[in-house]
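Enquirer: In terms of this note's numbering, the sequence shown is residues 1 to 59. Note that the Cβ used here is the ideal one computed from N, Cα and C, for glycine as well. Computed from a predicted model, the values in this text were never measured in an experiment. Supplied in structure tokens, the structure appears directly below.
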Amino acid sequence: MKKIFFRHLKNQISIDLHKDLDEYQNHLLYYLAYQAYKVYLNAQFNANNSYVYKKARVS
């Protein structure tokens, strides 16, 4: 599904730009994976922080 946009875009641009478009697609994929990883780590940190806060409050 993700490649439909880039496939359509390749049909609209000249052939000599296809290699650049592939590179941009890879950069975008890595960027989105990095952003998803940051969200995951932030959620883990907040969950751990909440647990520590609640434990300290009870003591």
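State the DSSP-derived secondary structure class of S50, mapped to helix, strand or coil.
Expert: In this structure, S50 counts as helix in the three-state DSSP scheme.
Enquirer: Any idea what DSSP makes of I15, helix, strand or coil?
Expert: Helix, per DSSP.
Enquirer: Between the alpha carbons of H8 and L29, how many angstroms are there, rounded?
Expert: Cα to Cα, the separation comes out at about 17 Å.
Enquirer: Where F61 and Y37 are concerned, what is the direct C-alpha to C-alpha distance, given to the nearest angstrom?
Expert: The shown model of the chain, from 1 to 59, leaves out residue 61, and the question about it has no answer.
Enquirer: Please check the pair L21 and K3, which I expect to be a contact at CB under 8 Å, by giving their CB distance rounded to whole angstroms.
Expert: In fact, because the Cβ distance is near 11 Å, the residues do not count as touching under 8 Å.
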